[in-house]
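Everything on this sheet refers to the single structure shown next.
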Amino acid sequence: MARARTIGRGRLGPAARKALIPGSGLVLLSSATGGMHGDIFQLYVVDTLGFSPSLVSVIALGMIVSIPVQLSAPGIVSRFGHRTVMVTGSLTLAPALLLLFSAGLIIDESRIAAAALLFTGATLAGVGISICFGAAWTAWYVEFAEPADRPLFLAMFSFAAQGTVIVAFVVQTICFDGVVTEVFYRGVLVYCLVYLLGSVIVYRHLPETSVRQPIATFGKGGWREALRDHRCRLIVFGAAAQFVIGVPLLAVYALTVLGIPAPAIGVMLIVRAAASFVLAPMAGWFISRIGMTTSVRVLGVALTAQMVLWTLLPAVGHRLPAIAAFTALVVLSQVSRYAFGLVMSAIAFNVVEPEHRVRTFALVDVASSAAMHLNLAAGGALVAASSTAALLDSPWIRLDPVKIVTAASAIIIAYLTVEFHRMATCFVK
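Using my numbering, read the sequence shown as starting at 75 and increasing by one per residue.
In structure tokens, the structure reads:
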């Protein structure tokens, strides 16, 4: 493969700027429907509706049913095109939002029916988001920026998405005392519906990709061919691993185990989102300027150290210094995880041949979704176990199952750092 220029120009073209609009609401949509950024959904289910964290685990396991649909995504995209898939998929997410909207309306009459609506709505949303924003959108929007400018482009995606989340969290904190109330949650769902309809308009004005792959290559042989490629396996593993790095069910863990008040958690979520919002463009520019090989090494080492630091965090409670230390560690980990994931994604986009992107990123979406849902399911069990038991519980340190698993993820980060650095060195200048 030809070596690619990695010093970006620092600007985006018209198509890339238009694509930021559909990217702006994806994190909030996922957060409200129980996806990869499910803080709002998790707090709504556990804190507002009063369900056990185990229901979050059950819902996460149910979302795994989207995997067969994800595997069919490459053939669907090849047959109908990226634009048609995105428009159709966005419109079909509306029923899922309606089910989630209705759950709180009937909970007083039947908690079982409300739980069923939450399960069904989150599962349908997971399927819709996977088929749209997985293989189809990922393989489409990457063509709107030159390889050297992709770190900046991906960073601006995050900048737009985190800006929307910040507004939501500010409203939650100021108007609803940091609690995901019924009114707040329904307002978020209404916004998500408007966002999806607005994105449909944008899709109709984006250029269709010029890279197509024959439908026949998406059969069993095509999947085997992809999985035989070491780079593909590494990219898929790296994408999945990002969902097991860090603290599972962070907001629920902070509320139920560490004893942090809900308003403080709301502030922490705002600070975390604000940090990502402010630093995302800087991270993209930084990676573009110093190169991906150096970036992945530096960020990998820093993130590995931070995962180990989680074991030193004591029980927090209402103590202001402890809450401040917890918030600082959450923000630092969030920024480092984001930057590490950004440079891995940029390397992956550059080393995958254009005609193989849909298939490769369909596998990435399957692995990511499975890892995310299994992590949420395991996270519910870990949080429940951490609330009742700890290997060490003193005024200075609390070592519970969540922290042990978080620290163990440092091994995964170290492996990914070495492998992606090697891949960047071989295929990127």
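Ideal placement from N, C-alpha and C gives every residue a C-beta, glycine not left out.
- A straight line joining the alpha-carbon of residue 308 with that of residue 117 spans about 34 Å.
- For residue 182, no alpha helix (DSSP H) segment is defined, and its DSSP state is neither H nor E.
- Between residue 253 and residue 325, the C-beta gap is not smaller than 7 Å, which leaves the two residues out of contact.
- Apart from the 5 residues on each side of it in sequence, residue 237 sits with its Cβ closer than 8 Å to the Cβ of 98, 351 in its chain, given in chain order.
- When secondary structure is reduced to three states using DSSP, residue 323 falls in the coil class, being assigned neither helix nor strand.
- The beta carbons of residue 262 and residue 106 sit about 5 Å from each other, so the pair counts as a contact at 8 Å.
- The Cβ-Cβ distance between residue 147 and residue 436 falls below 7 Å.
- Residue 450 is positioned such that its CB atom lies closer than 7 Å to that of residue 134.
- In this structure, the CA atom of residue 393 is about 15 Å from the CA atom of residue 330.
- DSSP places residue 265 in the uninterrupted alpha helix (DSSP H) bounded by 256 to 277.
- Take the alpha-carbon of residue 191 and the one of residue 184: they are about 11 Å apart.
- DSSP places residue 281 in no alpha helix (DSSP H); its state is neither H nor E.
- With a cutoff of 7 Å on beta-carbon distance, residue 218 and residue 93 are scored as near each other.
- Residue 355 is not a Cβ neighbour of residue 89, given a cutoff of 7 Å.
- DSSP, read as helix, strand or coil, puts residue 393 in coil.
- In this chain, residue 122 is not harboured by any alpha helix (DSSP H), its DSSP state being neither H nor E.
- In this structure residue 205 touches residue 163 by the C-beta definition: roughly 5 Å separates them, less than 8 Å.
- For residue 454, the closest alpha carbon among the candidates 274, 122, 129, 363 is that of 129.
- In the DSSP assignment, residue 311 falls within the alpha helix (DSSP H) that extends over 304 to 315.
- Distance from the CA of residue 157 to the CA of residue 301, rounded to the nearest whole angstrom, comes to 27 Å.
- Residue environment for residue 480: buried (at least 16 other C-beta atoms within 10 angstroms of its C-beta).
- Nearest to residue 373 by C-alpha distance, out of 272, 270, 492, is 492.
- Straight through space, the alpha carbons of residue 172 and residue 188 are spaced by roughly 13 Å.
- Around the CB of residue 266, 16 or more other CB atoms lie within 10 Å, so the residue is classed as buried.
- Its Cα nearest to that of residue 495, the residue 422 stands out among 483, 422, 242.
- Relative to the Cα of residue 165, the nearest Cα in the group 369, 126, 272, 487 belongs to 272.
- Its Cα nearest to that of residue 428, the residue 215 stands out among 160, 114, 215.
- CA-to-CA, the gap between residue 379 and residue 405 works out to about 14 Å.
- Of the candidates 457, 320, 311, 431, the residue whose Cα lies closest to the Cα of residue 444 is 311.
- Annotation for residue 384: no alpha helix (DSSP H) segment contains it, and DSSP assigns it neither H nor E.
- Look at the region 325 to 368 and you find these whole runs of alpha helix (DSSP H), each 4 residues long or longer: 336 to 364.
- Residue 278 is classed as exposed because its beta carbon has fewer than 16 other beta carbons within 10 Å across all chains shown.
- Taking the Cα positions, residue 314 is about 7 Å away from residue 438.
- If the five residues before and after residue 434 are omitted, its C-beta is found closer than 7 Å to the C-beta atoms of 300, 306, 309, 426, all from its own chain and listed in chain order.
- Counted as a single uninterrupted DSSP element, the alpha helix (DSSP H) harbouring residue 227 occupies residues 224 to 250.
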